Amino acid sequence: MAAETSAFDVVIVGGGTAGLVVASRLSEDPSLQVLVLEAGLDLPQMPEQLMQAVLTPPAYSQLYKTPVDWNHSTVAQAEKANLGGREMSFPQGKMLGGSSGMNGLNFTASAKTVVDGWAELGNPGWEWPAFSQSLAKTYTVAKAPSLVTKPSDNQGPVQVAFADDYMGSWPKVWADTIESFGFPGTQDTLTAQAAGGLMIPDTVDPALGIRSFAANAYLTPDVRGRANLTLRTGVEVKKVILKKPEGGQPGGAAVATGVEITDPTTGATTTVIAHREVIVAAGAFGSPKLLELSGIGDARRLGVDNVVVDAPGVGENLQNHPLVTLSFEVTNTAPPTKDAFLRAALRQDGEVLGGPMKEYMEHRTGPFASSGVTSAAQLPLPGLDTPEGRQELERLFRTTTGPSPGGAFGVAHERFVRTILSSRSEASGYYIFGPAYAAFNPDGTNALPPMDGSEDSYITVVLMLAHPLSRGSVHLVGAAAEQTLAIDPGYFSHPLDLEVMARHLQFIEQGLAVAEPLAKWLKPNGKRTVGVPEAGAFKDIEVAKKYLRDKAVAAQHVTGSCSMLPREMGGVVDPLLRVYGTRNLRVCDASVIPLMPRANPQATVYGMAEHASKIIKDSLF
Ligand SMILES: Cc1cc2nc3c(=O)[nH]c(=O)nc-3n(C[C@H](O)[C@H](O)[C@H](O)COP(=O)(O)OP(=O)(O)OC[C@H]3O[C@@H](n4cnc5c(N)ncnc54)[C@H](O)[C@@H]3O)c2cc1C
């Protein structure tokens, strides 16, 4: 690590997924002094148990509500969202590597239509052909069964591996069941853009059997050793220091001169100078928070005395996937599931876990070596292939209107989602399949499998609404001294979302679960998710909607809160990721993504940050 000074060319706030990509790429030029300020700790600074939980692929849920988690939660999702007043817990990584160090490891490439959608909103330079080149720079396929994909030519830092049991019994059952509906069953998620079944790899380095994430993939020992890169951890940035436009003239641009931090050892407030740029990469919650603390936000919210740049879009347009699960008990002759392993893990049963742990330590294989998720599907609105289905969709379009006023972005967003919903080759539902029980508590935390002494086995389908129209917000609230973050994802605030997701939920029960070969392994009148209505009840769409209101929780896929959009559409940053109204302040993380990725977003965030690095380099040199 380089010697620390208090003046740098570029100061990056947030050493997370995107922040470390940018730090690594910008510091390739030795003439540029780059500083990363990260609130959390680096791996070697963590207690051993946390470090192991970061690195061991399926152990990430042990990180929730620990010092490496910001441990956010939403405001009660009541009136707008119809989620029965529930508050939901929201983990976010607080460490060098950010959320890439605590996420579920699934690596799902972006959909072409979505990325092209960003460009069409008024962001030239972000079209799919250019973006996909940046995405390809982020990863290497380090292990892949030949049936799934060919090894990639690209040699990006993030190691991506398909687990050993890809072609096991249950993934095959899932693929064949999806195929029975006329879709391809086993596409490679890294190249497939069409609807159908998918094989999902993990961000795992198969040689070492550990998580590959921003802090070990982009910050290799060579990169960490660069004399022009300084990493400071345990430092929370309090604000970006902005020089107001000369004479306060309208249309003038504010200049970011540095940032204010609290010294972790002395507690004193100090300043770090940025000669050229400040890049905020503090995540979809942290970045809007920091902009508001710095005087960039809606003047009506911040107050005229505090505002430096009036930017009403800051903290708005927050998007996230609502998620629900449905588990089914399997027959006694079904292929083995992972329930026994998971129950043993909950009981800390050394006798059962000893074998898999030995296998992991000796060969880096087995259940400890991967996330456990291998199979998924992206599917269009069920029924769309029939005239009745298309008429039903037209009826839904006529009868479900979004919150008013929707604004220019609301109109464009609705047009985009309607195009997806009308297409048989695009997907509005994202399904993950797993051979084990999985459920969530009402606050979004993981629910235990039934621990009633029985050893029943299950499969689970996890459903996410791929393209929600509901948008929420994240803002600082309360008096200056005791401000807190109010996160309101606004789930189901657009009524079309509930209608679409309920139809996908119906399809799990009325379509997938009665289709072969899956159906033959499900126990007739077997147990299902605790609290789910009796089998067949989802035939009634109102029952499906009620189940979603009662049970849907949040995926951790937040985007959009500092959207890259034209300013008149509520945009916060331009296509070069510069904050409107400033000369040298950028945002670069999941918050700038204006239309959320179809599925798990980390690949898109890595790709976005690679793309941004090129843009920033081009403008600096
Ligand atoms: C529990 C969980 C599971 C997930 N599972 C998956 C998955 O399986 N697949 C997938 O594709 N995606 C998944 N995701 C989402 C994915 O990890 C994120 O979309 C992505 O990592 C976001 O990257 P980012 O750079 O925007 O933010 P982050 O990676 O969160 O980085 C932000 C960084 O900024 C730091 N920071 C914030 N404020 C300050 C401040 N004021 N001063 C200094 N530092 C600050 C934070 O500590 C953090 O390190 C998951 C996320 C979570 C939380």
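Per my numbering, the sequence shown starts with residue 71, numbered consecutively. By construction, the Cβ of each residue, glycine as well, lies at the ideal position given by its N, Cα and C atoms. As the structure is a computational prediction, the values presented were derived from the model and not from experiment.
- Separation of the CB atoms of Y501 and A589 is rounded to 16 Å, and the pair is thereby denied contact status at 8 Å.
- Rounded to whole angstroms, the gap between the alpha carbons of L647 and Q115 is 32 Å.
- With the rule of 3 Cβ pairs closer than 8 Å, the segment 621-635 counts as touching the segment 189-204.
- Excluding five sequence positions before and after A478, the CB atoms of its chain that fall closer than 7 Å to its own CB belong to E638, M639, given in chain order.
- Going by beta carbons, T530 and A509 fall inside the 9 Å limit.
- Linking V649 to A605 through their CA atoms gives a straight-line distance of about 52 Å.
- Taking a cut-off of 8 Å on C-beta distances, the segment 173-190 does not touch the segment 521-528, as fewer than three cross pairs fall below it.
- Taking the CA atoms as reference points, R346 sits about 8 Å from T327.
- The Cβ atoms of V228 and G167 do not sit closer than 9 Å to each other.
- The shortest C-alpha to C-alpha distance from P215 to any of F232, K609, A206 is the one to F232.
- Bridge pairing for A478: absent [DSSP].
- Here the C-alpha atom of R656 lies approximately 15 Å from the C-alpha atom of L105.
- The C-beta of V487 has 16 or more other C-beta atoms within 10 Å across all chains shown, which makes the residue buried.
- For S631 and A181, the gap between their C-alpha atoms comes out near 20 Å.
- Secondary structure note for P457: its alpha helix (DSSP H) is the uninterrupted segment 457-469.
- Per DSSP, reduced to three states, the secondary structure at Q448 is strand.
- The C-beta of E612 has fewer than 16 other C-beta atoms within 10 Å across all chains shown, which makes the residue exposed.
- The continuous alpha helix (DSSP H) containing S204 extends over residues 198-206.
- At least one heavy atom of ligand 1 falls within 8 Å of the beta-carbon of P671.
- Rounded to whole angstroms, the gap between the alpha carbons of N654 and K359 is 19 Å.
- In terms of Cα proximity to T290, the closest of D659, S94, F160 is S94.
- In the structure shown, V228 falls within a strand segment according to DSSP collapsed to helix, strand and coil.
- Under the three-state reduction of DSSP output, V184 falls in the helix class.
- When C-beta atoms of the segment 97-111 are compared with those of the segment 290-300, three or more pairs fall below 8 Å, so the two segments count as touching.
- M634: not part of any beta strand (DSSP E); DSSP gives it neither H nor E.
- Of the other Cβ atoms in all chains shown, 16 or more fall within 10 Å of the Cβ of L463; this residue is therefore buried.
- Taking C-alpha positions only, Y617 is separated from I270 by approximately 28 Å.
- As DSSP reads the structure, A326 sits in a beta bridge with L312.
- A buried status is given to E579, since no fewer than 16 other beta-carbon atoms sit within 10 Å of its beta-carbon.
- In this structure, the CA atom of N224 is about 24 Å from the CA atom of V443.
- S76 and I557 have their C-alpha atoms roughly 33 Å apart.
- Within the segment 259-315, the runs of beta strand (DSSP E) at least 3 residues long that lie entirely inside it are, in chain order, 266-269, 299-303, 307-313.
- Its Cα nearest to that of K687, the residue I349 stands out among K593, G163, I349.
- Annotation for L588: the continuous alpha helix (DSSP H) segment containing it runs 588-591.
- When DSSP reads this structure, K135 sits in no beta bridge, so it has no partner.
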